[in-house]
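Q: Note that full-length UniProt numbering has the sequence shown beginning at 1, numbered continuously upward. Take this structure, written in structure tokens, and hold onto it; I'll ask about it next.
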Amino acid sequence: MEENVEGRCGVVYFCGGLGEEIIQSYRNTSPPRETGHARHIDVVYRNVRALLDENQGGFDEVFVSSSAAECHDRLESHANKVPTVVLVELHDGAAKDARLLADNKQAATFPFLRNLSADINGARYQRPVMPFALVSPSFHEEDVPADATFAASCLEAGALDIFHSPLNDEDLHRLVGHVKEALRPAARLVGSSMAQSLVTSIRSTTPNSSARYRPDESLSPARRKVVEDNVGKWHFPAQTFTMDELTYAAMFMLEHMLQLPDLRFYSIPRAELMTFLLATRRQYKHQREVHYHNWRHAVDVTQSIYCFLLDVRLCPPLANDTREPRQLNAVEGLLTPLDGLILLVSAIGHDVGHPGVNNAFLTACNHPLAQMYNDKSVLENYHCAAYSQLLRRHWPALGNISGFRTTMISTILATDMQRHFEYMSGLGELKRKIEGSENDLSNWNDKDREQARELMMALLMKGADISNVARPFDLSSEWARTLMNEFARQGELEAELGIPTCLFGGPPNKEDILAAAQSQKGFMNLFGIPLFSGMTDVMPSLSCAIRELEQNTAIWEEKITKEKQKRNSGGESSPLTFSSVSKKEVDEAKLQKRQSEPLAVPEDAPGLPTSSTKRQTAVDSALSPRQHPAHSQRQHLTLGLATQDGHRSSLPPMPPPALPLSPNGGASRRSSKDVALDSIQQLSAYAQSSMSPTISSGSRRGSADWQVHQNYPGSRRGSKDESLTTILVTSQSGSPGRGPAGSPIKQSRKRQGTAQSQKPDAVSRYSVPSSTSRSHTTSSATANTTQPSSLAPTDDERTPPASEDPFVVPGNWPSDLDGAQRSADPVKHPSTPDLSTSRAAKSDSPRIIARMASGEGDDGRGTPRKEHAIRESRSRSRLRNLKFWKKKRDPSGVEGGVTDPGSP
């Protein structure tokens, strides 16, 4: 009993080219009358009456004008308040040739449509505006190419659809369908006014008026004959009939049933019967709103009941009936013609007002209907209440039948599938009772007879409600597709509301053929076949349904087999879903997946990157695998360094594994900062990797020597060598321990040569610069010649022999070798000696370099250097905070002043 959406939707009807001016607004209470005007204006009035009729268009108001300006003004004043349908009609006087009209840009129709479409696309109106085109009869006589050209021009101009003028039943149904689709409510508003409308209809005392529109009169004799010939057949093609033809079929079945002498007292005139059927049809949702539970389904269920009544001879035989006469058993004889009338009437309204969702959905949403009926057969109770009001107003004579309302309610409530097995249990008890009495009901009392009669009526209604699975396969498959569309729509509503699915097996996938076939087969095996088989055992005359069920089951099984073979062979098919595979197949797939997984994760499995900053890839392909952030973290832990900058790990430094280093190389002769940056990049890669230097005999540093080239343009190095400063980085494995950080001292070229000629054994020292800003690196080849370094250690600073426990002199190891931006302030380790303590014993050049690396000023007093004093560049910003740790001289000749506790 929900209010129609069309009642809140207006219509603007533009009919230019009539030859006369017309500006008029019509309401449904005062439609235009037929006049003796020209044919064109009479067609317009006829369309207006159809639009305003509650049984056709159902619109509340139609504004008609032959002026485009008046139509625009109407839209300006009303389209911002209510949804509006715009109809543009093309008449013979406006266009004699469809080809010419399609090409004529000055025609009034197409500029109107184009301007309206531009306004709609530009969001000029606050409410939906839907333009449509009406084709005059003259275009029907045009050849196909002309008609196609005209239709394409209309659609290009902005029309949503094209209808024939005058509007017929099918065109109006399509037009209303477009409106329903455009005004579809949100999920939270589905059926929101059903309870209130039901209460309003119960209190209504408005007298009924006969329907102005009569489908039995508007249908052609040929179409009426087609309906009459098919209405008594089990192969009833309800999907191919129009709404008017289905309404005529319902009227034909009722009138045919009322021909029995026992039922003539309840007969009503055809006009009143048609008014009742049209009122019932209006309460069903449009098929664009509710795909399955609509007027088409109601008439199909009624036709199934009609066939059952013909089988058990409760209805007069038809002239073209081919059924063979059968002897009825004792149980079938319990039914009376009055029971047959009640079944027919109940079937017509058994789903009236259905919102297109199931009871579980309404309960999950805490819908007002669910609250009204306490979550018990919510929709079925509503159908009974709403339909009772229609019968009270339009067919009050049925209320005089003893037990009519009780029987109608019980039969409609039987359509609740949640109570299916309850009725199947009753059917089993009835079968056992009949077998115990040997089909002789003479010893049954009145109560047993009444219970058996009510149960059989309920079973007949249940069988008719799911009869689509027992129809011939071409009809059954079409009904299955329609039902899947409705279930898919409910799935969309559930997703919109964010609630769990209330559908058995979840929302269907309309593209999954295998799932659809298995769903149909499963439904027939679980519900259809047991129900119809039991009904046939009790009422043998109902044998047609069981034959069709067996055939449909075999066809669906064949489709399932073919689809599985296609998928197993790797052919293209619909996607797999959980509803298209069995539980056994799912379990086997899970078992295979578990068996294919490794028992444990390998220790050397790379970890996920921990830095959100994108790494700068190394140019050298040999160093690329070492650039992974997880690899850097592992090396920090191996070397006893923390993952954070400037902090050491609590673990002792482990001896680094062996790593083949590149051979000694001299400084680059290119005098380019690219050489230094390339060397720093290589140093960063090796610092992150597992370094284990191999000391060659007779070599001070062995093969672990590294020469990092840095260029400080304009800096004071204490020498006239303008080449790049070379930092020698050596390393040697030894006992874990900690010592003070040391720094190289500036020496002269002469002492450098002496130190190299003596080649004493030495321990390696870690002195790795800390990079605090990103730098762009380029690849460069390192020269094979070695140049003396101005920072080479002197004889006084020789490290102890290899036989003694060495000092591990950790430098300021950076954890941001990937180029991530860090703080510009250097982090000082607690064990690092103050540079100021050794200032007097050292030369000026190392102090300058140390101050430059740590950010101190040239005055050596810790004054921060001004930013403008150093030319900012990408290379310098990377080398800006480079530190060199100085070494203390100890009387014993050991550097650092602090020995390893494990050394002698």
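Glycine residues also receive a C-beta, built at the ideal position from the N, C-alpha and C atoms. Keep in mind that this is a model prediction, so the values were computed, not measured.
1) Compute the distance between the beta-carbons of Asn358 and Leu379, then report whether it is under 9 Å.
2) I'd like the list of long-range same chain contacts for Lys462, defined as Cβ closer than 6 Å, with 5 residues on each side in sequence excluded.
3) Evaluate Arg188 with the Cβ neighbour count: other Cβ atoms within 10 Å of its Cβ, from every protein chain shown; 16 or more gives buried, anything less gives exposed.
4) Can you tell me whether DSSP reads His72 as helix, strand or coil?
5) Measuring straight from C-alpha to C-alpha, what distance separates Arg405 and Phe132?
6) Under 7 Å Cβ to Cβ from Gln451, same chain only, skipping five residues before and after it: list those, please.
7) Which residue or residues does DSSP assign as beta-bridge partners of Ala133?
8) Nearest by alpha-carbon distance to Gly353: which of Leu314, Ser192, Asn208, Met257 is it?
9) Under 9 Å, do Leu254 and Leu344 count as touching if we go by C-beta distance?
10) Might you give, ordered along the chain, the residues of its own chain that have their beta carbon closer than 8 Å to the beta carbon of Val48, omitting 5 neighbours on each side?
11) Could you tell me the boundaries of the beta strand (DSSP E) in which Arg27 lies?
12) Considering only residues of the same chain and omitting the five flanking positions on each side of Arg326, which have a CB-CB separation below 7 Å?
13) Just mark Pro355 as buried or exposed, buried being the case when its beta carbon has 16 or more other beta carbons within 10 Å.
14) Return the residue from the list Arg124, Ser117, Gln126 that minimises the CA-CA distance to Ala159.
15) Let me know the secondary structure DSSP gives Glu289 once reduced to three states.
16) At 3 residues or longer, and completely inside the region 160-243: list those beta strand (DSSP E) runs for me, N to C.
17) Flag this pair as yes or no: are the beta carbons of Ala436 and Gly534 separated by less than 9 Å?
18) For Ser569 and Ala515, what's the separation of their Cα atoms in angstroms?
19) Are the beta-carbon atoms belonging to Ser467 and Val301 less than 9 Å from one another?
20) Hey, Leu172 and Gly57 are a contact pair by Cβ (cut 8 Å); roughly how many whole angstroms apart?
21) Please report the residue range of the alpha helix (DSSP H) in which Glu548 lies.
22) Assuming contact is defined by CB atoms lying nearer than 9 Å, are Leu175 and Leu183 in contact in what I supplied?
23) Determine the DSSP secondary structure at Arg8, reduced to helix, strand or coil.
24) Short of 7 Å in beta carbon distance, which residues of its chain neighbour Ser476, apart from the five on each side in sequence? Order them along the chain.
25) Given Cys502, which residues of its chain have a CB within under 7 Å of its CB, disregarding the five upstream and five downstream residues?
26) If you draw a straight line from the C-alpha of Pro221 to the C-alpha of Ala69, how long is it?
27) Hey, out of His394, Val227, Glu438, whose CA is closest to Thr247's CA?
28) Could you tell me which of Glu170, Pro185, Asp537 sits nearest to Arg489, measuring between CA atoms?
29) Taking 9 Å as the cut-off, decide whether the C-beta atoms of Arg223 and Asn55 are in contact.
30) Does the Cβ of Lys447 have 16 or more other Cβ atoms within 10 Å, making it buried, or fewer, making it exposed?
31) Check this for me: beta carbons of His72 and Gly10, under 9 Å apart or not?
32) Check for me: the alpha helix (DSSP H) holding Val301 runs from which residue to which?
33) In the DSSP assignment, find the beta strand (DSSP E) that holds Ser65 and state where it starts and stops.
34) Taking only three categories from DSSP, how would you classify Tyr423?
35) Starting from Lys462 and walking both ways along the alpha helix (DSSP H), at which residues does that stretch end?
36) Using three-state DSSP, classify Phe504 as helix, strand or coil.
A: Inspection of the coordinates gives the following:
1) On the sequence shown, residue 358 is found 358 positions in, with the first residue counted as 1. On the sequence shown, residue 379 is found 379 positions in, with the first residue counted as 1. Result yes, Cβ atoms of Asn358 and Leu379 sit closer than 9 Å.
2) Position 462 of the sequence shown, counting from 1, holds the residue named residue 462. Closer than 6 Å at Cβ, skipping near neighbours: Ala414.
3) Indexing the sequence shown from 1 puts residue 188 at position 188. Exposed, since its Cβ has fewer than 16 Cβ neighbours within 10 Å.
4) The residue labelled residue 72 in the question sits at position 72 within the sequence shown. Helix.
5) If you number the sequence shown from 1, residue 405 lands on position 405. If you number the sequence shown from 1, residue 132 lands on position 132. Arg405 and Phe132: Cα-Cα distance of roughly 45 Å.
6) To locate residue 451, count along the sequence shown from 1; it is residue 451. Excluding sequence neighbours, Gln451 sits near nothing in its chain.
7) Counted from its first residue, the sequence shown places residue 133 at position 133. Answer by DSSP bridge pairing, in chain order: Val88, Ile162.
8) Sequence index remark: in the sequence shown, residue 353 carries index 353 (1-based). When each option's Cα is compared against that of Gly353, the closest is Ser192.
9) The count along the sequence shown starts at 1 and reaches residue 254 at position 254. The count along the sequence shown starts at 1 and reaches residue 344 at position 344. In contact: Leu254 and Leu344 (Cβ atoms closer than 9 Å).
10) Position 48 of the sequence shown, counted from the first residue, corresponds to residue 48. These residues qualify, in order along the chain: Tyr13, Tyr26, Pro31, Pro32, Val62, Val64.
11) For the purposes of this step, residue 27 is taken as residue 27 along the sequence shown, with counting starting at 1. Its beta strand (DSSP E) spans residues 23-27.
12) Start at 1 with the first residue of the sequence shown, and residue 326 comes out as number 326. Cβ neighbours of Arg326 beyond the five flanking positions: Ser541.
13) As a position in the sequence shown, residue 355 is number 355, starting the count at 1. Buried: at least 16 other Cβ atoms inside 10 Å.
14) The residue labelled residue 159 in the question sits at position 159 within the sequence shown. It is Ser117.
15) For the purposes of this step, residue 289 is taken as the residue at position 289 of the sequence shown. In this structure, Glu289 counts as coil in the three-state DSSP scheme.
16) 162-164
17) Here residue 436 refers to the residue found at position 436 of the sequence shown. Here residue 534 refers to the residue found at position 534 of the sequence shown. According to the sequence provided, residue 436 is Gly. The question's Ala does not apply to it. No; because the gap between Cβ atoms is not below 9 Å, this pair is not in contact.
18) Taking the first residue of the sequence shown as position 1, residue 569 is located at position 569. Taking the first residue of the sequence shown as position 1, residue 515 is located at position 515. Computed Cα separation, rounded: 18 Å.
19) Walking along the sequence shown from the start, residue 467 turns up at place 467. Walking along the sequence shown from the start, residue 301 turns up at place 301. Going by C-beta atoms, Ser467 is nearer than 9 Å to Val301.
20) Taking the first residue of the sequence shown as 1, we reach residue 172 at position 172. Taking the first residue of the sequence shown as 1, we reach residue 57 at position 57. Yes, they are in contact, since the Cβ atoms of Leu172 and Gly57 sit about 5 Å apart, within 8 Å.
21) Within the sequence shown, residue 548 is the residue found at index 548, counting from 1. Looking at the DSSP string, the run of the alpha helix (DSSP H) that includes Glu548 is 544-568.
22) As a working note, residue 175 is residue 175 in the sequence shown. As a working note, residue 183 is residue 183 in the sequence shown. Result no, Cβ atoms of Leu175 and Leu183 do not sit closer than 9 Å.
23) Counted from its first residue, the sequence shown places residue 8 at position 8. Of the three classes helix, strand and coil, the one that applies to Arg8 here is helix, per DSSP.
24) Taking the first residue of the sequence shown as position 1, residue 476 is located at position 476. Around Ser476: Asn468, Val469, Asn552.
25) By one-based count along the sequence shown, residue 502 stands at place 502. Closer than 7 Å at Cβ, skipping near neighbours: Asn358, Ala360, Phe361, Ala364, Glu494.
26) As a working note, residue 221 is residue 221 in the sequence shown. As a working note, residue 69 is residue 69 in the sequence shown. Distance between the alpha carbons of Pro221 and Ala69 is about 43 Å.
27) The residue you call residue 247 lines up with position 247 of the sequence shown. Per the Cα distances, Val227.
28) In the sequence shown, counting from the first residue as 1, residue 489 sits at position 489. It is Pro185 whose Cα lies nearest to the Cα of Arg489.
29) Residue mapping note: residue 223 aligns to position 223 of the sequence shown, counting from 1. Residue mapping note: residue 55 aligns to position 55 of the sequence shown, counting from 1. No, the pair does not count as a contact, with Cβ atoms beyond the cut-off.
30) Here residue 447 refers to the residue found at position 447 of the sequence shown. Lys447 is exposed by the Cβ-count criterion.
31) By one-based count along the sequence shown, residue 72 stands at place 72. By one-based count along the sequence shown, residue 10 stands at place 10. Their beta carbons are not under 9 Å apart, which means His72 does not touch Gly10 by this criterion.
32) By 1-based counting over the sequence shown, the position of residue 301 is 301. Unbroken alpha helix (DSSP H) run through Val301: 295-311.
33) Numbered from its first residue, the sequence shown carries residue 65 at position 65. Element bounds for Ser65: 61-65.
34) Taking the sequence shown and counting its residues from 1, the one referred to as residue 423 is at position 423. Of the three classes helix, strand and coil, the one that applies to Tyr423 here is helix, per DSSP.
35) As a first step, residue 462 must be located in the sequence shown, where it is residue number 462. From DSSP, the alpha helix (DSSP H) with Lys462 extends over 446-465.
36) For this step, residue 504 is matched to residue 504 along the sequence shown. Phe504 falls in the coil class under three-state DSSP.
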